[in-house]
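Here the sequence shown stands for residues 35 to 471, numbered as in the working numbering.
Even glycine gets a Cβ: it sits at the ideal position worked out from N, Cα and C.
The structure under discussion appears below in the form of structure tokens.
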Amino acid sequence: MAVGNSQPHVVVLGGNFAGLGSAQKVREYAGGGVRITVIDRKDYLLFVPNIPADIFEDKDPALRQRMDLRPTLAADDIEFIQGEVVALDPDARTVDFIPNERPGGERQRISYDYLVVTLGNRLAFDRIEGFDRYGSTVADLYHGNKLRRYLHEGGYRGGPIAIGSARFNQGDGAVGLQPYPGGKIPGAVAACEGPPVEVMLSMATWLGKRKLGGPEKITVFTPAAMIAEDAGETVVNKLLGIASGMGFHYVNNGQDIRRITKEGVELASGKTIEAEVKIVFPDWVPHDFLKGLPISDSRGFVKTSLLMRNDKYPNVFAAGDAAAVTMPKLGAIGHQECEIVGRQIAKDLGKMSAADADKPLQPIVYCIGDMGDGKAFYIRSNTWYGGDTAVLTMGRMPYFLKMRYRDLFFSLHGKVPGWGLGLAELLAEDHRPSSRA
Ligand SMILES: Cc1cc2nc3c(=O)[nH]c(=O)nc-3n(C[C@H](O)[C@H](O)[C@H](O)COP(=O)(O)OP(=O)(O)OC[C@H]3O[C@@H](n4cnc5c(N)ncnc54)[C@H](O)[C@@H]3O)c2cc1C
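Following this line, the structure appears as structure tokens:
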């Protein structure tokens, strides 16, 4: 660590998509005159979006979806600390962490000039009664591999399958923001419903290939009035039309998961879905130490403007799932936010003009979901926020893009060029008007 270094110090908490992206963007735009430190409890990036596809293809995601953070950061002269962040004090401009490479680490304190909070959230499986015994999920390596073995090593007995989300408890941190003229960041009762839709479609393909049935065995449920509502009504209606035509069962307004039992999923609405396999997504809950801080909203998400900057503490930024403004909790939105963080800090340091830096977030839901059998669906939509774009396509090209995006991300060490998403649009979208949602 460069003790005595007089350069402005940017500390980035979290080193997954939003943390790595923010640190790299600060280096790109602010150049060499700034010291950057990333703190994460693990020293690899986990490429979460591709875990589900690995499960259905019987590949071990632990061997395929991790990227080593240390050399990636070192290449940009970014320091890395492997530690558990336990507290932060925005008045004193300090962060407390515990080095966690080995158990028993002591508490340490680090000072910052700029802070970027990119710690994601807790995925609160521990708050779903019965999940430990009867639940499955695809959100991390342990649970993903557990489900993979169950499906591929003879555990599955051919019974019904339930897939869906618990209720998300959003805070008040994005109220009043207007990303598009007359628009807003709406309140949502599910944090991220691309994954349940993706899992439902690829599970049906998996069943079909093994002659174990198909969509009629699967019930997808949502706490909301409409699944994946953030993709916009036009896209979802089209998606639901296709799904019900295929034979999937759909339960909306479930309100929440009350508990999971051996027999199925009990919803807060009073409905019970009978199922042998219960694949669920929990509430996305802010980390405990963020709750009650002056930078946090009513639940502990970090409050920012659409320039990703906290109003009360302008040297504090947030990006990715930890930011209140990130709705739904989608890596693709975090990606858009990292760009803004990098530009804002460069502006403060006199390395970028306000005209180039002050471009507020206009979130776009980009979602590419595996459907199995080399096919995927692709959504690009901003109508939920007041925009006018709603595209849904399906086929081999989106699948190719989903897989190639991960390869590109790893081979370029996270520095996917800005044109990556533009190119995706060009390739994934059939530009004939009739093909659009
Ligand atoms: C199954 C699934 C599929 C998905 N598919 C897609 C998709 O196709 N497209 C898409 O855009 N999004 C997708 N998402 C959402 C996407 O994964 C998240 O939006 C994204 O990972 C958020 O990135 P982040 O960096 O903000 O947070 P995270 O990825 O959660 O990273 C937070 C980082 O902070 C670290 N950390 C947390 N707490 C501490 C602490 N106290 N001390 C130290 N370090 C800490 C963690 O180790 C982690 O590295 C999917 C999510 C799931 C669960």
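Open item on the list: Using a Cβ distance threshold of 8 Å, determine whether the segment 323 to 338 contacts the segment 112 to 122, with at least three qualifying pairs required.
Closed with: yes
Task: DSSP bridge partner residues for residue 130 (one or two, in chain order) - done: 121, 143
Open item on the list: Using a Cβ-based criterion (distance less than 7 Å to any ligand heavy atom), does residue 86 qualify as near ligand 1?
Closed with: Indeed, a heavy atom of ligand 1 lies less than 7 Å from the Cβ.
- [ ] Please name the residue, chosen from 445, 449, 426, that lies closest to residue 461 on a Cα-to-Cα basis.
- [x] 426
Open item on the list: Check whether the segment 381 to 389 and the segment 174 to 194 are in contact - that is, three or more C-beta pairs closer than 8 Å.
Closed with: no
Task: N-terminal and C-terminal residue of the alpha helix (DSSP H) that residue 431 is part of - done: 430 to 445
Task: One or two residues paired with residue 283 in a DSSP bridge - done: 253
Task: Whole runs of the beta strand (DSSP E) within the segment 161 to 245, excluding any shorter than 3 residues - done: With a minimum length of 3 residues, the continuous beta strand (DSSP E) runs that stay inside the segment 161 to 245 are 195 to 199.
Open item on the list: Going by C-alpha to C-alpha distance, which of 405, 440, 353, 340 sits closest to residue 210?
Closed with: 340
Open item on the list: Bridge partners for residue 343 per DSSP, in chain order?
Closed with: 351
Open item on the list: So if DSSP puts residue 401 in a beta bridge, which residue, or which two residues, is it bridged to?
Closed with: 413
TODO: Inspect the CB distances between the segment 407 to 416 and the segment 250 to 269 and report whether three or more fall short of 8 Å.
DONE: yes
TODO: Return the residue from the list 84, 69, 43, 155 that minimises the CA-CA distance to residue 354.
DONE: 155
TODO: Would you give the residue range spanned by the beta strand (DSSP E) that residue 106 belongs to?
DONE: Segment 103 to 108 is the alpha helix (DSSP H) holding residue 106; no beta strand (DSSP E) there.
Open item on the list: On a Cα-Cα basis, can you pick out the residue from 273, 253, 317, 257 that is closest to residue 310?
Closed with: 253
- [ ] Below 8 Å on the Cβ atoms is my guess for residue 274 versus residue 153; work out the distance and round it to an integer in Å.
- [x] With 8 Å as the limit, residue 274 and residue 153 do not qualify as a contact, their Cβ atoms being about 34 Å apart.
Open item on the list: Could you tell me the alpha carbon to alpha carbon distance between residue 68 and residue 111, rounded to whole angstroms?
Closed with: Spanning the two alpha carbons is a distance of roughly 10 Å.
Task: Distance CB(residue 334)-CB(residue 192) smaller than 8 Å - done: no
Open item on the list: Output needed for residue 190: all residues of its chain with C-beta closer than 8 Å, excluding positions within five of it in sequence on either side, in chain order.
Closed with: Cβ within range, chain order: 184, 246, 310, 311.
Open item on the list: So, does the segment 284 to 304 touch the segment 160 to 178, judging by three or more C-beta pairs under 8 Å?
Closed with: Between the segment 284 to 304 and the segment 160 to 178, the count of C-beta pairs closer than 8 Å reaches three or more; the two stretches touch.
Open item on the list: Shorter than 7 Å, the distance from the beta carbon of residue 77 to the closest heavy atom of ligand 1, or not?
Closed with: no
Task: For residue 258 and residue 224, believed in contact at Cβ under 8 Å, the rounded distance - done: 5 Å
Open item on the list: Taking 7 Å as the limit between beta carbons, can you name the residues of its chain near residue 63, skipping five residues before and five after?
Closed with: Residues of the same chain with a CB within less than 7 Å of the CB of residue 63, apart from the 5 flanking positions on each side, are 376, 377, 380, 385, 386 in chain order.
- [ ] Please confirm whether any heavy atom of ligand 1 lies closer than 7 Å to the CB of residue 93.
- [x] No, since every heavy atom of ligand 1 falls outside the 7 Å radius drawn around the Cβ of residue 93.
Open item on the list: Helix, strand or coil, according to DSSP, for residue 85 in the structure here?
Closed with: In the three-state scheme derived from DSSP, where H, G and I count as helix and E and B as strand, residue 85 is classed as helix.
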